[in-house]
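In the working numbering, the protein residues as written are 45 to 380.
Remarks on the structure that follows.
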Ligand code: 13P
């Protein structure tokens, strides 16, 4: 077993999942504005410290994705954030892309940037304690999109990123996110997501990336948020499994879904049914941002000194997701 494969398995085994707390300052400001909290470095750190030091980290969270600001922050106690995360048994990770920009010659689409100087930045993050990284490519669905150009250029960037990350001794999370915005059906989402994933693996293979040392972070197969025809969790799970089975090579150890705008309960229930029906060799878990933090953030914003209630809320969410990652969740447990 390679070192990278060991790190990947440490992050996602035994029902553990990933806490995606890597919102850029811009995104975190939107989240904090929505609950009427000032977006200062101190407040951003304070909320994240509460999550990272909660009980739920130990049994549920195998990895935490950080943003550049957070990985460099120090607590009042003098402790570094990566040390706080490691002390709960989780692996510290870092978002290394620098965001999605308009794609030249297809300006309604995005290309993710951040390759320039990446090798040097990776060295710095490794020395700060990071052992895995994240890069998100983003694709929208319309009649003409995603275009071949967006599919191919984002796959190329994800592959070059992954090769550099593995060279630096870390596990790349490969995140091609096909957005749920729009009125498309789940079948269109399946078709487009398959195209996106196949191209990503074609490029990863070309760039000689060790597939046993990556974690794939895809979207689930869902109808667009404006589509009139809703589908059941059973259908979501079958379509998601069909897509992953035909598009993801067997060497990949695990798949950690993004929540992508689903509610906390939807993201939990869909993951649970995916695991009940999982007829693949892949570990299927979560790498949720909003679906792990939304309720906790709301509670915290009401009384930022009430660490305990905020932590209880987060612990519950993390426990539900970890049950779902083993196909053991139920709505009754949700309300206990
Ligand atoms: P969501 O679960 O909120 O979609 O965030 C996951 C993530 O890391 C997006 O890049």
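A virtual CB, placed ideally from N, CA and C, is assigned to each residue, including glycine.
This structure is a prediction, so every number in the text was calculated from the model and none was measured.
message: Quick check on the contact list: which residues have their beta carbon closer than 5 angstroms to a heavy atom of the ligand 13P?
response: 64, 180, 302, 303, 304, 332, 333, 334
- prompt: Hey, which unbroken runs of the alpha helix (DSSP H) at 4 residues or more fall wholly within the segment 62–108?
  reply: 69–78, 85–96, 100–104
- request: Take the Cβ of residue 63 as the centre, count every other Cβ of all protein chains shown within 10 Å, and call the residue buried at 16 or more, exposed below.
  value: Answer is buried; the Cβ neighbour count reaches 16.
- prompt: Under the three-state reduction of DSSP, which class applies to residue 172: helix, strand or coil?
  reply: coil
- request: Please determine, among 74, 116, 45, the residue with the shortest C-alpha to C-alpha distance to residue 136.
  value: 116
- request: Compare the C-alpha of residue 323 against each of 337, 284, 347 and name the closest.
  value: 284
query: What runs of the beta strand (DSSP E), each 3 residues or longer, lie entirely inside the segment 153–228?
result: 176–183, 215–222
- prompt: Tell me the DSSP bridge mates of residue 45?
  reply: For residue 45, which the question treats as bridged, DSSP gives no partner whatsoever.
- prompt: Do you know whose CA, among 120, 70, 251, lies nearest residue 90's CA?
  reply: 120
field: Three-pair Cβ contact test at 8 angstroms for the segment 70–80 versus the segment 305–325
entry: No, the segment 70–80 is not in contact with the segment 305–325.
message: Just to check my reading of the structure: residue 126 and residue 173 have Cβ atoms closer than 8 angstroms, yes? What is that Cβ distance to the nearest angstrom?
response: Yes, residue 126 and residue 173 are in contact; Cβ-Cβ is about 3 angstroms, under 8 angstroms.
message: Going by DSSP in three states, residue 135 sits in which element: helix, strand or coil?
response: strand
query: Comparing the CB of residue 352 with every heavy atom of the ligand GTP, is any distance shorter than 7 angstroms?
result: In the structure on display, the ligand GTP does not appear, and the ligands it does have are the ligand 13P.
- request: Give every residue of the same chain whose Cβ lies closer than 6 angstroms to the Cβ of residue 434, excluding the five residues on either side of it in the sequence, and list them in chain order.
  value: Absent from the model: residue 434. The displayed extent of the chain is 45 to 380, so no value can be given.
task: Let me know the secondary structure DSSP gives residue 380 once reduced to three states.
output: coil
message: Quick check on the DSSP output: the alpha helix (DSSP H) that includes residue 358 runs from which residue to which?
response: 351–368
field: Boundaries (first-last residue) of the beta strand (DSSP E) holding residue 331
entry: 327–332
query: Can you name the residues that DSSP bridges to residue 301?
result: 330
- prompt: By DSSP, does residue 145 sit in helix, in strand, or in coil?
  reply: strand
task: Check each candidate in 140, 187, 232 and name the one with the smallest Cα separation from residue 152.
output: It is 187 whose Cα lies nearest to the Cα of residue 152.
- request: Measure the CB-CB distance between residue 182 and residue 221 and report whether it falls below 8 angstroms.
  value: yes
Beta-carbon proximity list for residue 287, same chain, < 6 angstroms, skipping 5 on both sides: In the same chain as residue 287, and ignoring 5 residues on each side of it, the C-beta atoms closer than 6 angstroms to its own belong to 234, 237, 238, 265, in chain order.
message: Please classify residue 353 as buried or exposed, where buried requires at least 16 other C-beta atoms within 10 Å of its C-beta.
response: exposed
field: Extent of the continuous alpha helix (DSSP H) run through residue 233
entry: 230–250
field: Rounded C-alpha distance that separates residue 226 from residue 271
entry: If you take the alpha carbons of residue 226 and residue 271, they lie about 7 angstroms apart.
- request: Can you have a look at residue 250 and say buried or exposed, based on whether 16 or more other CB atoms are within 10 angstroms of its CB?
  value: Exposure of residue 250 is indicated by the presence of fewer than 16 other C-beta atoms within 10 angstroms of its C-beta.
- request: Under 6 angstroms Cβ to Cβ from residue 212, same chain only, skipping five residues before and after it: list those, please.
  value: 166, 170
query: Can you tell which of 82, 333, 108, 176 has its C-alpha closest to the C-alpha of residue 47?
result: 176
query: Under a Cβ-count criterion, where at least 16 other Cβ atoms within 10 Å of its own Cβ denotes burial, should residue 262 be classed as buried or exposed?
result: buried
query: Using the C-alpha atoms, what's the distance from residue 128 back to residue 96?
result: 7 angstroms
task: Let me know if residue 88 comes out buried or exposed under the rule of 16 or more other beta-carbons within 10 Å of its beta-carbon.
output: buried
- prompt: Given a threshold of 16 other Cβ atoms within 10 Å of its Cβ, counted over all protein chains shown, does residue 100 qualify as buried or as exposed?
  reply: buried
Residues bridged to residue 129 [DSSP beta-bridge criterion]: Under DSSP, no beta-bridge partner is assigned to residue 129.
query: So which of 103, 280, 122 has the shortest CA-CA distance to residue 134?
result: 103
field: residue 294 - containing alpha helix (DSSP H), residue span
entry: Careful: residue 294 lies outside any alpha helix (DSSP H) and carries neither H nor E.
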